[in-house]
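In the numbering used here, the protein residues as written are 92 to 425.
Since the structure comes first, as structure tokens, the remarks are kept for the end.
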């Protein structure tokens, strides 16, 4: 059996398959052939007889040229590029990296929320301008400095990322409510309440911070538009670490310009890289990062640990962790 590895993601993320990774896998599974492909030509050639792919994205155009492919292990939680029509049609197993980046993303979300509480985005702008202006920082861009302790945080999407955001927020003294497709009869700790999609309106109006951690599915496409933003508090902040497509970006820009909400912390966008012409770059009430919330020195280490466990399960015929439901677009246990 052959396993093919490739860690390219778009044009700006191209991580070479390390000898350390290959050695770890070969020592653990001597009966399996592991091949790293660090360029498109090698990837296409080696895919012809590969049974398993491990990496960020297996190119959809290569699926018809990989007749033996039976399983794709994604090294990321997002599966848009991997859940292609050819994969669905052939019933190829797809597992994702849910949980790998939860710690990093949750800490990123906390950083953004704390930054807005202390108006650090205002202070950073003044620093670039060389201005000492204490009243401007204390008053902020229309929102005065505040304490995070006692804040209300609504987490939309309670998979590993959302659950970690909720736990960390509660640990710092926030009251947390959650939203998921199928809410439990009784909310578990640390949630004050967990609602279904029909409760979205209520949590939007309740929260100081609305954190988007939902998977990208047809149901979540542009789930936050002009109407939903209008339901938020004037001092509310929208934080998106899900996918850019879950927000109507034009509606958000309009709302931020008009001060409908206090601000937004955005790590993902409808178009990536974010075009230089996007008005989001210049808005003073936006904290913008280039899709890096999951970045951590331990990312690939955790991804490899998950793959090693799943490969052992695969070889033994046991159920795989994080098996994606082709219809839902995410693992059923989330």
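Every residue gets a Cβ at the ideal spot worked out from N, C-alpha and C, and that includes glycine.
Discussion item. Output needed for residue 411: all residues of its chain with C-beta closer than 6 angstroms, excluding positions within five of it in sequence on either side, in chain order.
Written reply: If you number the chain shown from 1, residue 411 lands on position 320. Same-chain partners within the cutoff: 186, 401, 404.
Worksheet entry | With 16 other Cβ atoms within 10 Å as the buried cut-off, status of residue 334 | Along the chain shown, read from residue 1 onward, the residue named residue 334 stands at position 243. Buried, because 16 or more other Cβ atoms sit within 10 Å of the Cβ of residue 334.
Item to complete: Tell me whether the beta-carbon of residue 254 lies closer than 9 angstroms to the beta-carbon of residue 193.
Response: Taking the chain shown and counting its residues from 1, one reaches residue 254 at position 163. Taking the chain shown and counting its residues from 1, one reaches residue 193 at position 102. Contact: yes.
Discussion item. Which of the three DSSP states is assigned to residue 146 in this structure?
Written reply: Sequence index remark: in the chain shown, residue 146 carries index 55 (1-based). Strand.
Fill in: Bridge partners - residue 97, DSSP secondary structure assignment
Locating residue 97 in the chain shown gives position 6, counting from the first residue. Per DSSP, 146.
Worksheet item: What residue does the beta strand (DSSP E) around residue 355 start on, and which one ends it?
Response: On the chain shown, position 264 is the one that residue 355 refers to. Start and end: 354-357.
Worksheet item: Is residue 358 closer than 9 angstroms to residue 383 when the C-beta atoms are compared?
Response: Here residue 383 is taken as the residue at index 292 of the chain shown, counted from 1. Here residue 358 is taken as the residue at index 267 of the chain shown, counted from 1. Contact: yes.
Worksheet entry | Distance, residue 234 Cα to residue 353 Cα | Looking up residue 353 in the chain shown gives position 262. Looking up residue 234 in the chain shown gives position 143. Cα to Cα, the separation comes out at about 7 angstroms.
Worksheet item: Would you report the Cα separation of residue 365 and residue 171, rounded to the nearest angstrom?
Response: For this step, residue 365 is matched to residue 274 along the chain shown. For this step, residue 171 is matched to residue 80 along the chain shown. When rounded, the separation of the alpha-carbon atoms in residue 365 and residue 171 is 18 angstroms.
Discussion item. Within the continuous alpha helix (DSSP H) that includes residue 286, where are the two ends?
Written reply: As a position in the chain shown, residue 286 is number 195, starting the count at 1. Where residue 286 is concerned, there is no enclosing alpha helix (DSSP H), although the beta strand (DSSP E) it sits in stretches over 282-286.
Worksheet item: Secondary structure at residue 324, three-state DSSP: helix, strand or coil?
Response: The residue you call residue 324 lines up with position 233 of the chain shown. Residue 324 falls in the coil class under three-state DSSP.
Discussion item. Between the alpha carbons of residue 223 and residue 236, how many angstroms are there, rounded?
Written reply: Position 132 of the chain shown holds residue 223. Position 145 of the chain shown holds residue 236. Near 17 angstroms, if we compare the C-alpha coordinates of residue 236 and residue 223.
Discussion item. Which residue marks the beginning of the alpha helix (DSSP H) containing residue 374, and which one marks its end?
Written reply: Against the chain shown, residue 374 aligns to sequence position 283. Neither: residue 374 is in no alpha helix (DSSP H) and is coded neither H nor E.
Worksheet entry | Classification of residue 273 by the beta-carbon crowding that lies within 10 angstroms, buried from 16 upward | Indexing the chain shown from 1 puts residue 273 at position 182. Exposed is the call here.
Worksheet entry | Nonlocal neighbours in the same chain, by C-beta distance under 7 angstroms from residue 93, ignoring five residues either side | Residue 93 sits at position 2 when you count from the first residue of the chain shown. Correct list, in chain order: 124, 126, 140, 141, 142.
Worksheet entry | Contacts around residue 134, its chain only, beta-carbon distance under 6 angstroms, and the 5 residues preceding and following it disregarded | If you number the chain shown from 1, residue 134 lands on position 43. Only 97, 128 meet the Cβ criterion.
Item to complete: Could you check how far apart the C-beta atoms of residue 270 and residue 286 are, in whole angstroms? I think they sit under 8 angstroms.
Response: Counting from 1 along the chain shown, the entry for residue 270 is found at position 179. Counting from 1 along the chain shown, the entry for residue 286 is found at position 195. Correct: roughly 5 angstroms between the Cβ atoms.
Practice prompt. Reducing DSSP to helix, strand and coil, say where residue 245 ends up.
Written response: Stepping through the chain shown from its first residue, residue 245 is reached at position 154. If DSSP states are grouped into helix, strand and coil, residue 245 belongs with the strands.
Discussion item. Could you compute how far the alpha carbon of residue 330 sits from the alpha carbon of residue 372?
Written reply: Position 239 of the chain shown holds residue 330. Position 281 of the chain shown holds residue 372. Computed Cα separation, rounded: 16 angstroms.
Worksheet item: Based on the DSSP output, what are the partners of residue 422 in its beta bridges?
Response: Here residue 422 corresponds to residue number 331 of the chain shown, with the count starting at 1. Answer is 415, bridged to residue 422.
Item to complete: Just mark residue 268 as buried or exposed, buried being the case when its beta carbon has 16 or more other beta carbons within 10 Å.
Response: The residue you call residue 268 lines up with position 177 of the chain shown. The residue in question, residue 268, is buried, as its Cβ has 16 or more Cβ neighbours within 10 Å.
Discussion item. Based on DSSP bridge pairs, tell me the residues matched to residue 297.
Written reply: One-based indexing of the chain shown puts residue 297 at position 206. DSSP, once it has assigned bridges, lists no residue as partnering residue 297.
Discussion item. I'd like to check one pair, residue 275 with residue 189: are the Cβ atoms closer than 9 angstroms?
Written reply: Position 98 of the chain shown, counted from the start, is the residue given in the question as residue 189. Position 184 of the chain shown, counted from the start, is the residue given in the question as residue 275. Going by C-beta atoms, residue 189 is not nearer than 9 angstroms to residue 275.
Worksheet item: Which same chain residues, not among the five before or five after residue 165, have their C-beta less than 6 angstroms away from its C-beta?
Response: On the chain shown, position 74 is the one that residue 165 refers to. Excluding positions up to five away in sequence, the list reads 173, 187, 188.
Worksheet item: Hey, how far is the Cα of residue 299 from the Cα of residue 343?
Response: Indexing the chain shown from 1 puts residue 299 at position 208. Indexing the chain shown from 1 puts residue 343 at position 252. Taking the straight line from one Cα to the other gives about 16 angstroms.
Practice prompt. Could you check the C-alpha separation between residue 339 and residue 103 for me, to the nearest Å?
Written response: Taking the chain shown and counting its residues from 1, the one referred to as residue 339 is at position 248. Taking the chain shown and counting its residues from 1, the one referred to as residue 103 is at position 12. Near 25 angstroms, if we compare the C-alpha coordinates of residue 103 and residue 339.
Worksheet entry | C-alpha distance - residue 207 paired with residue 328, whole-angstrom precision | Residue 207 sits at position 116 when you count from the first residue of the chain shown. Residue 328 sits at position 237 when you count from the first residue of the chain shown. Their Cα atoms are separated by approximately 8 angstroms.
Worksheet item: Relative to the alpha-carbon of residue 242, which residue among 150, 394, 379, 326 has its alpha-carbon at the smallest distance?
Response: Residue mapping note: residue 242 aligns to position 151 of the chain shown, counting from 1. Looking at the Cα atoms, 326 is the closest of the given residues.
Discussion item. By DSSP's criteria, residue 115 is part of a beta bridge. Which residues make up the other side?
Written reply: In the chain shown, the residue the question calls residue 115 occupies position 24. Bridge partners of residue 115: none, in fact.
Practice prompt. Evaluate the contact criterion for the segment 147-155 versus the segment 99-114: three or more CB pairs, one atom per stretch, below 8 angstroms.
Written response: yes
Worksheet item: Using DSSP with H/G/I as helix, E/B as strand and the rest coil, what is residue 315?
Response: Position 224 of the chain shown, counted from the first residue, corresponds to residue 315. Residue 315: strand per DSSP, three-state reduction.
Worksheet item: residue 161: which of 155, 152, 182 sits nearest, CA to CA?
Response: One-based indexing of the chain shown puts residue 161 at position 70. Here the closest residue by C-alpha is 182.
Discussion item. Please list the terminal residues of the continuous beta strand (DSSP E) segment that includes residue 105.
Written reply: One-based indexing of the chain shown puts residue 105 at position 14. Element bounds for residue 105: 104-106.
Worksheet item: Shortest alpha-carbon distance to residue 323 belongs to which of 291, 312, 304?
Response: In the chain shown, counting from the first residue as 1, residue 323 sits at position 232. With distances taken between Cα atoms, residue 323 lies closest to 291.
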